[in-house]
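Report on the structure given below.
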Amino acid sequence: MQVHFTLKASVQLSAIISPDFEDIIRKAAEEANNVIFRKGVPSGIDDSEIGRITGITVKENYIEITIESGTYTRVHDALFRFRKYLAQILGKYRVGVRGIEVHSYDITATLDSGVPVPNLSKLPFVKSARNDENKLIISLSLSASDLENKVPDRILRLIEEKAEASQYGGKGEHWDLIFESEQKNRSKKENPTDEMLAKGWIKHGLSRGQWIYGPEAVRLFRAFERLVMEKIIGPLGFTEMIFPKLVPWEVWMKSGHAKGVYPEIYYVSVPKTRDPLFWEEVSDYFKVTGEVPVDLIRDKIDGPIGGLCYAQCPSFWPFLQGETLTNDCLPAKIFDRSGTSHRYESGGIHGIERVDEFHRIEILWLGTPEETVAIAESLHEAYKKVFIEIMELDWRCARVTPWFMAQEGLLGDVKETGTGCCSSIGTTDYEAFLPYNETWLEFQNVSINGDKYPKGFNVKIQSGSECWSGCSGIGLERWTAAFLAQKGLDMAGWPELIKEYAGREKSVFKFC
Ligand code: SER
Ligand code: ZN
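In our numbering, the protein residues as written are 1315 to 1826.
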């Protein structure tokens, strides 16, 4: 994508200056074009790509200035560099440089062929956006502080992201097979959700995509939890913590979820006041009609202040925010299994493998890049052993679009830097074969998230080493769905250790 910026602004001076100054200011502009704006620009870059002052007029106590650029020393950077230089020069004559007024800021972006023109008309700061074939012409309405805050760079990044997304659009998510287990008997079996429903192991909750798990289902959840504790979490030395399950915007702003999670979250709002009188009409309405007046409630609440737990690990990071960790406490290995995660899934009827409310053990670790990678690899080995030797599953794993990118609405992949299952930044998904519909179900993942979280939450290591982190989500519904789909509900067909951990079938309720 080619870009051209044009900025028109005026720089206020502390005094009216005489026409003699015009020459000094013109010389300053030349020096800026030839030297100051070229600082930091790699050699060999075409002049038209670099910021340059293309018009300058001195008027009493201000200077009108036009700057154009490509992607190097963009016009707003050039403007601030020039102001600084001007202040040095005019200071000698006791003339001060004051504020900046931005008159216009235009970006012309020439999109690569085949890239659809994004709709930017609803964006803040955009005065107008039109296109002439593949040329996108955007006029921004910005103050000097918006320029200082690099708003134009972010708008440009957004256009680039939209262009990249459209390129990836047709391709969907990245997926590269890295391991496939020995194939088991794949003869057609029942859908385990239907079977569990028929046997009264589970019932629908009254909320969308929600189940009430009866004792028979929960003993399997707990069996898997014990398996994970005894064969993975315990031996590898992870320690339990409790992460919050209501996530305020601030966490998602730092985790990157604020970039794209909106269609899938359960929003959380709070009362405008706790005053019972304020709420009396709501209670009365329900008492008289038997209906909850949702519209009335909507007027009486603030927010949303955030959403319900979605990815589980982001809520941990405020614990370390702004801290420098001693070398000897690393690598740090923790996990959370304290509550539900919620996703507004696509509609329609799904089984327990696709739910709006689910239970997950989230494993998290951090340390130097080497430590982070080593832990991911040992986790992968431990999982592999459990799936093959204990659960006897028919499974495979693949490198996929990293979860943190997918959840930000980005497709594609980070650059692969290693070859192993879990040796470079990115996500490995574990999938189980479902004989009842001959598809594969993602039932857990392992990710190396690089420096994304330590950076987002400003976490450092005493030694000065780069800090990386990783996480791994174990979905209990997904494990149960995968296991029962392959082994059936009859315990006779279950592997020995699962039978032992699950204990005897125990039903509490009998329905007439
Ligand atoms: N946090 C990761 C995810 O949401 C692992 O559970 O996929
Ligand atoms: Zn995570």
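Using N, Cα and C, we set each Cβ at its ideal position, and we do this for glycine too.
- Per the coordinates, the alpha-carbon of Cys1623 lies some 8 Å from the alpha-carbon of Pro1558.
- Inclusion of Cys1627 in the 6 Å shell around ligand 2 follows from its C-beta lying nearer than that to a non-hydrogen atom of the ligand.
- Ser1383 sits close to Phe1319, with the two beta carbons spaced by under 7 Å.
- Relative to the non-hydrogen atoms of ligand 1, the Cβ of Trp1717 comes within a distance shorter than 6 Å of at least one.
- In the three-state reduction of the DSSP assignment, Gln1316 falls in the strand class.
- Taking non-hydrogen atoms of ligand 1 into account, the C-beta of Cys1785 is found less than 6 Å away from one of them.
- Looking at the DSSP output, Lys1373 shares a beta bridge with Tyr1376.
- Between Glu1671 and His1656, the C-beta gap is smaller than 7 Å, which places the two residues in contact.
- The closest CA to that of Ile1579, considering only Gln1626, Ile1546 and Arg1412, is found on Gln1626.
- Scanning its chain for C-beta atoms nearer than 7 Å, with the 5 sequence neighbours on each side dropped, one finds around Lys1503 the residues Pro1749, Tyr1750, Ala1799 and Gly1802, in chain order.
- Residue Ala1796 holds the alpha-carbon nearest to the alpha-carbon of Glu1745 among Glu1564, Ala1796, Ser1761 and Val1700.
- Between Leu1327 and Asn1375, the beta carbon gap of about 5 Å places them in contact (Cβ cut-off 8 Å).
- Contact check for Tyr1815 against Arg1540 passes: the beta carbons are separated by less than 7 Å.
- In this structure, Gly1620 sits near Pro1562, with a CB-CB distance shorter than 7 Å.
- Annotated three-state conformation of Ile1689 is helix, per DSSP.
- Relative to ligand 1, the beta carbon of Glu1667 is positioned no closer than 6 Å to any heavy atom.
- A distance below 6 Å between beta-carbons, with the five flanking residues on each side excluded, links Ile1359 to the following residues of its chain, in chain order: Tyr1386.
- In the structure shown, the three-state DSSP call for Ile1675 is strand.
- In the DSSP assignment, Asp1446 falls within the beta strand (DSSP E) that extends over Val1440 to Asp1446.
- Between the alpha carbons of Asp1613 and Phe1600 lies a distance of about 16 Å.
- With contacts defined by Cβ atoms closer than 7 Å, Ile1556 and Ser1652 form a contacting pair.
- Burial of Glu1667 is indicated by the presence of at least 16 other C-beta atoms within 10 angstroms of its C-beta.
- Taking each of Arg1366, Glu1378, Arg1408 and Ile1704 in turn and checking the Cα distance to Arg1395, the smallest one comes out for Arg1366.
- By the C-beta criterion, the region 1708-1718 is judged to be in contact with the region 1492-1500, since at least 3 inter-stretch pairs fall below 8 Å.
- Looking at the backbone, the Cα of Gly1665 and that of Asp1508 are separated by about 8 Å.
- Cα atoms of Val1431 and Val1465: separation of roughly 20 Å, rounded to the nearest angstrom.
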